[in-house]
Every structure is written in C-alpha cells, then in structure tokens.
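Residue numbers (my numbering), protein chains in the order written: chain G, 1 to 280; chain C, 281 to 562.
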Amino acid sequence: MLNDITFGQYYPGNGVIHKMDPRAKILFTIAFIVLSFIAGNAVSLLLVTFALGAVILLSRIPLKMYLKTLKPIIPIIILTSIINALYVSSGKVLVEWQFITITSGGLLTAVYMSTRIALLIMCSSMLTYTTTPTQLTDAIERLLSPLKYIKLDVHSLAMMMTIALRFIPTLIEETEKIMSAQKARGADMENGGLLKRIKALIPVLIPLLISSFRRASELADAMECRCYHGGKGRTRIKKLHMGLIDLVSLIALAAVFVGVIFANACLSGVLYSLFIGGVL
Amino acid sequence: MEPIIQINDLEFSYTVEEDATPIPLFQGVSLSIEKGSFTAILGHNGSGKSTLARMLNGMLLPDGGTVTVNGMDTTDQDSQLAIRKTVGLVFQNPDNQIVSSIVEEDVAFGPENLGLPSDEIRKRVDHALQAVDMLSYADHSTNRLSGGQKQRIAIAGVLAMNPSCLVLDEPTAMLDPKGRKEVLDTVRRLNREQGITVVLITHYMEEAALADRCIVMEHGRVLLDGTPNEVFAHRQTLEQTGLTMPAACQLAYELQDMGISLEPFPLTEADCIAALEKTLSK
Ligand SMILES: Nc1ncnc2c1ncn2[C@@H]1O[C@H](COP(=O)(O)OP(=O)(O)OP(=O)(O)O)[C@@H](O)[C@H]1O
Ligand SMILES: [Mg+2]
Numbered sequence: 001m002l003n004d005i006t007f008g009q010y011y012p013g014n015g016v017i018h019k020m021d022p023r024a025k026i027l028f029t030i031a032f033i034v035l036s037f038i039a040g041n042a043v044s045l046l047l048v049t050f051a052l053g054a055v056i057l058l059s060r061i062p063l064k065m066y067l068k069t070l071k072p073i074i075p076i077i078i079l080t081s082i083i084n085a086l087y088v089s090s091g092k093v094l095v096e097w098q099f100i101t102i103t104s105g106g107l108l109t110a111v112y113m114s115t116r117i118a119l120l121i122m123c124s125s126m127l128t129y130t131t132t133p134t135q136l137t138d139a140i141e142r143l144l145s146p147l148k149y150i151k152l153d154v155h156s157l158a159m160m161m162t163i164a165l166r167f168i169p170t171l172i173e174e175t176e177k178i179m180s181a182q183k184a185r186g187a188d189m190e191n192g193g194l195l196k197r198i199k200a201l202i203p204v205l206i207p208l209l210i211s212s213f214r215r216a217s218e219l220a221d222a223m224e225c226r227c228y229h230g231g232k233g234r235t236r237i238k239k240l241h242m243g244l245i246d247l248v249s250l251i252a253l254a255a256v257f258v259g260v261i262f263a264n265a266c267l268s269g270v271l272y273s274l275f276i277g278g279v280l
Numbered sequence: 281m282e283p284i285i286q287i288n289d290l291e292f293s294y295t296v297e298e299d300a301t302p303i304p305l306f307q308g309v310s311l312s313i314e315k316g317s318f319t320a321i322l323g324h325n326g327s328g329k330s331t332l333a334r335m336l337n338g339m340l341l342p343d344g345g346t347v348t349v350n351g352m353d354t355t356d357q358d359s360q361l362a363i364r365k366t367v368g369l370v371f372q373n374p375d376n377q378i379v380s381s382i383v384e385e386d387v388a389f390g391p392e393n394l395g396l397p398s399d400e401i402r403k404r405v406d407h408a409l410q411a412v413d414m415l416s417y418a419d420h421s422t423n424r425l426s427g428g429q430k431q432r433i434a435i436a437g438v439l440a441m442n443p444s445c446l447v448l449d450e451p452t453a454m455l456d457p458k459g460r461k462e463v464l465d466t467v468r469r470l471n472r473e474q475g476i477t478v479v480l481i482t483h484y485m486e487e488a489a490l491a492d493r494c495i496v497m498e499h500g501r502v503l504l505d506g507t508p509n510e511v512f513a514h515r516q517t518l519e520q521t522g523l524t525m526p527a528a529c530q531l532a533y534e535l536q537d538m539g540i541s542l543e544p545f546p547l548t549e550a551d552c553i554a555a556l557e558k559t560l561s562k
C-alpha cells in the first residue's frame, strides 16, 4: 500500500532536463503551473499540454513513470470534475433531472480542471524525477537565501528537507515492518470504524516515533563525525550554474506564455460562441 | 613504528542523570594504535568498546588522562576538525549514517563540510567510491542498496575526507554473511593497499583473527592485548569472559583435549583445513 508512492523519486538520467539548473527548474515548474491555471480555453490549455509533452519527451523518462504518479490522484480528479459539472452552470443545459442540472459549460470546466490537476502533478513529478533531492534542497536554499536577512536559518531548513527526503522511504519501510509485526500479534488494522482503525495505528506509531528519535541521534553523531558544523564554509560538489539550456528554456517558456495569453484573449470569444453557443 | 593514536591513563564516567553519581567506565586505560596497523577490539556487551571508539575522534572527551591523534589533543577545540578528518568513524547501522538520497551526494557530504572546491570534491568522491568498489552506483538512490552496499557507502563517505585512520564500530553487526564479507574485504584492502590504519570493533572472532592485533576489553579495562595468536592462546580467560573463539580455534582446542595437536595453531578456516590435512597425512 505504502509502496505506491512514486512521487518524489529521482530517476537517474543524462538528458537536457537533468542538466538544467535546479533553481531554473523550480521557477519554471511554478511558472508552468500558474500558466496552466491562466489558460482559459481549450486552445491555450492544449498549448500548455503540448509544451509539457515536449518537456516530458526531452526528459527521456518513460511516459509510464509520469502516468503512474496520476494514479493516486484519480479520486481527486473525479471529485473535482463532479463538483465542477454540478455547480458551474453556463452554456446549454444538457441534463436536467430533479435537482441536478448539467450544462455544457460545467462539463467543459470539469475537463479543464482535470487537465490542470493532471498537468500540475506531472509537472511536479518531472521536477522531482530529474532533480536529486540534494539539488532540489540546494536550489531552495539558494532561492530563499534573501530570507537570511530576516534572520531565517535557510541552511538548516534546507538540511532538514534533505534529511526528510532521505528518510521518507526508510520510515515507510519501517512502518510496514512494524505493521506486519503487530498484525502477527493479532492486531486488526483493516476492519472496523474510523475510530477503531485510528486506534489500531497507535501501536504502530509509537515504536516508529521511538525509533525515529534513535535514528536522529545516530545520524547527528555520524554527521558530526563527518565534520558537519553548520552551513558556514560549506561548499558543494555540484555548483549551481545557469547555462545555455536554462536560457533556451526561458525563451521557450516565454513563448508558451505569450501563446497562452494570445489564445486566451483572441480566441475565447470565438470558441465560446462556437462550442457552447453553437455546436453544443 | 610511531603511533597515530595515543591514549594515556584515560578516565571516563557516564552521568546518566543530572546530580546522580557518575558511573565510572574507564579508570586509567593506556593504549597506542600504530600507523598502518589493523587492530581488532573485542569484548562483551557493555565492556566499553563503543565508548572507546568515540574517544578516538573527540566525539567524547576524557574526564582524566589524554587522547592524542597525531599529536593533537582531542580536548583542544581548535584541532577538532583536523582530528575528525584524521580519524573517521563508521557506525553499526548503515541506514542512520547516510545523509543524502543519492550515493555520490552522500559521499560528498564530508568533503563539502571541509569547504573543498567542487572539482577536488568530485575527485575525492570518485576515488572513495572506487576504493569501496561502488563507483558504478554513483548516481543510484541510497535507499535501494543492500545492507553491505550501504555500509560500503558509509565507509566511502568517511574515506572521502582522506582519513589516515578508520574506526569501525561493529560495521558488520546488521549485515548478512554476504554483506559482512563485502565490508570486511573492503576494510582489509584499504588497510593493505592504502596503508589506512584500521580499528575494527567486532563481535565476530573470525573477523578479529584477520587483524594484526587483538584487544579484548572487559568492564572498561584491557583484558588481553596481542596478536590474534597470543590472544586466542588464553583459552581460559576468553571462556570466562564468555567470548566464543573462532570456529577453527574451537576445533583445534577440542582436538587438543583429545590429544591431537594441530601445527601451526589455526585461526582461520583456511589455516585449519591446511593444518588438518598436514596432521592427517602424517
Ligand atoms: N549514553 C550513555 N549514557 C549512560 N551510560 C552509557 C551510555 N552509553 C553507554 N553507557 C554505558 O557504558 C557502558 C559501556 O557501553 P558501550 O556502548 O561502550 O559498550 P560496548 O562495548 O560498545 O557494548 P556493545 O557490545 O553492546 O556495543 C555500558 O555499561 C553502558 O550501559
Ligand atoms: Mg557498542
């Protein structure tokens, strides 16, 4: 059950996306997600989808890996689709039954929303597939470094993230071990009401917590033995470096941006009358 | 040979709670570890092996007496980094020593803390990974490795700081036989080929038999100290402390009880087979 979590796993590779500066990747990912929410009609949303498709191709990671990350959020997509379809009323009325009215505009919004959520997930998995956790936290450390001036310990924050990302799989594995151990002692984790199931988790969480403290103390010792003494004077094996790839992607991103704005402004009127008013 | 680590009249006690009377562990231990040597430290649970290991790089500081590394006193705050760089400590649980999710980034952690330039770090990481035979795993995830591989990465992480001495606290205790062999072979190779001083704390007598020198500890004291041959000759003392001998020694002693003596006295399985063949062919 817990093994399904693929989100946040690095996928070794040597493509252009892997070589991009992680800072640029983070900023572009954010821009891309914003863009997919700005995209207000089919054409601009398609444009964004194609752009992501191109990035996915360039990342040289099998499409299967991306689709896998969508699986856990299918219920969310379905739920938002239903809500959108039911609550948005514009365009033609398609179904009217008791208190349920489904309109073409509602359906369209549902499709748009689902696409956006899917884009958001795939885009962020692209980031985590092509960027190692350390690069990611390094980039965040550098991007947040202005916050040093308001006395925020950005280095410690980044180190905590590195360690958290490193230990998530370890703790998941341990949780499964403890669960099997408790099941072997007759614990019932799958049946009963919500309250009963939450109660059944207590004998799992307490050993997990205790062992995490032990791990933390051992890790702190090991880090100290390896000369860790905070962020002062620390260098990095991979220097962050904005290069040609990042410039080219910036231009590409800008082009998509302009395309989306253009499609939004010029086409929305035309499309609206075509799809909602006329055809449907 | 000159010593790399010198311990003089070491005294140390643990204070479990504030105000409680400290529990003394070491009361005047003196030892010296020679450059390039391979020393095994044996002893029962609670005999003070791990505490001693932590004394060697200044993770714990003596209450009395001195511990010096290459002439630097561990209580001297200014030499702290230099000492930790010289004496690398590897712990039992490989999972809890790995900081990063990617092999090479983890190995780079030590040199990064030393503030070395990127290309120097790169060189050291590749070198260290090569030394533990894990270079082809450089961009792999640290979570997907076997226990033995993880422990070798932990060793590489320490090696990347270019230490002259490696102290390993039961590095094989959590590994399966295959992983144990991988780690032990790596450590022996580092000692032989790169001249790195090794202090190996272990519960396995077979591992201790491979060392140049064995130290048996009990209740914070050095009980026996000498070559494996000398130490394993103290059959009674070892049996009293509850340490089991290597299987080869055990067999040799039992044969001795029956009036058959093996020559030369075997410590390892291979020696034992050779000695048996020699005795049988007579
Ligand atoms: N942090 C601590 N606080 C208090 N007492 C401790 C602490 N660590 C160890 N001790 C005590 O010091 C003694 C020596 O412990 P140490 O861990 O050095 O033994 P060891 O030889 O490494 O044992 P093992 O074979 O179990 O690893 C033990 O009696 C132990 O209870
Ligand atoms: Mg110990």
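For glycine and all other residues, C-beta sits at the position ideal for the given N, C-alpha and C.
Query	Result
Classification of THR477 of chain C by the beta-carbon crowding that lies within 10 angstroms, buried from 16 upward	buried
CA-to-CA distance, GLU96 of chain G to ALA263 of chain G, given in whole angstroms	32 Å
Any 3 or more C-beta pairs closer than 8 Å across the segment 426–435 of chain C and the segment 458–469 of chain C	yes
Below-8 Å beta-carbon distance, ASP21 of chain G vs any chain C residue	no
Proximity of MET441 of chain C and ARG226 of chain G at Cβ, strictly below 8 Å	yes
Near ligand 1: GLY296 of chain C beta-carbon under 7 Å from a heavy atom	The question names Gly, yet the displayed sequence has Val at residue 296 of chain C. It does: the Cβ of VAL296 of chain C is within 7 Å (strictly closer) of some heavy atom of ligand 1.
heavy atom of ligand 1 below 7 Å from GLU522 of chain C C-beta	In the sequence under discussion, the amino acid at residue 522 of chain C is Gly, which differs from the Glu named in the question. GLY522 of chain C Cβ: outside cutoff for every heavy atom of ligand 1.
SER312 of chain C versus LEU409 of chain C: straight-line alpha-carbon distance, rounded	30 Å
Validate contact between the segment 136–153 of chain G and the segment 99–111 of chain G using beta carbons, cut 8 Å, 3 pairs	no
CB contact below 8 Å: MET223 of chain G versus chain C	yes
Closer than 7 Å: ASN325 of chain C CB and nearest ligand 1 heavy atom	yes
Segment limits, alpha helix (DSSP H) that includes MET104 of chain G	Looking at the sequence shown, residue 104 of chain G is not Met but Ser. Here the alpha helix (DSSP H) through SER104 of chain G covers 104–130.
Residue span of the beta strand (DSSP E) that contains THR477 of chain C, given as start and end	477–481
SER293 of chain C (DSSP reduced to helix, strand or coil)	strand
Beta-bridge partners of THR319 of chain C, as assigned by DSSP	C:VAL479, C:ARG493
Within 8 Å, strictly: CB atoms of MET454 of chain C and SER327 of chain C	no
Separation of PRO508 of chain C from SER310 of chain C, as counted between CA atoms	20 Å
Entirely enclosed alpha helix (DSSP H) segments - the segment 154–204 of chain G, minimum 4 residues	154–184
Contact list for ASN221 of chain C against chain G, beta-carbon separation under 9 Å	Since the first residue of chain C shown is 281 and the last is 562, residue 221 of chain C is not available in this structure.
Contained alpha helix (DSSP H) runs [length at least 4] in the segment 386–413 of chain C, N- to C-terminal order	389–393, 398–411
Test: TYR129 of chain G CB closer than 8 Å to a CB of chain C	no
Helix, strand or coil at ASP465 of chain C [DSSP, three-state]	helix
Alpha carbon of LYS403 of chain C to alpha carbon of ASN41 of chain G, nearest angstrom	52 Å
Extent of the continuous beta strand (DSSP E) to which PHE371 of chain C belongs	No beta strand (DSSP E) contains PHE371 of chain C, which DSSP labels as neither H nor E.
Min CB distance MET1 of chain G to chain C below 8 Å	Caution applies to MET1 of chain G, whose pLDDT of 40 falls short of 50 and renders its modelled position unreliable; the value that the coordinates give is listed next. It does not; no Cβ of chain C falls within 8 Å.
Proximity test, Cβ basis, 8 Å: PRO62 of chain G and chain C	no
Supposed contact pair MET20 of chain G and ILE245 of chain G - C-beta distance, whole angstroms, cut 8 Å	5 Å
Near-chain G residues of the segment 388–400 of chain C (beta-carbon distance less than 7 Å), N- to C-terminal order	ALA388, PHE389, GLY390, GLU392, ASN393, LEU394, GLY395, LEU396, PRO397, SER398
Distance cut-off 7 Å: GLY338 of chain C Cβ against heavy atoms of ligand 1	no
Helix, strand or coil at TRP67 of chain G [DSSP, three-state]	Here residue 67 of chain G is Leu; the residue named in the question, Trp, does not match the sequence. Helix, per DSSP.
Residues in the segment 232–259 of chain G having any Cβ partner in chain C nearer than 8 Å	GLY233, ARG234, THR235, ARG236, ILE237, LYS238, LYS239
Local conformation of PRO22 of chain G per DSSP, three classes	helix
According to DSSP, residues forming a beta bridge with VAL93 of chain G	G:THR103
GLU450 of chain C beta carbon near ligand 1 (any heavy atom closer than 7 Å)	yes
Under 8 Å from the C-beta of VAL405 of chain C: neighbouring residues of chain G	ILE237
Residues of the segment 124–148 of chain G with Cβ closer than 9 Å to any Cβ of chain C, in chain order	THR132, PRO133, THR134, GLN135
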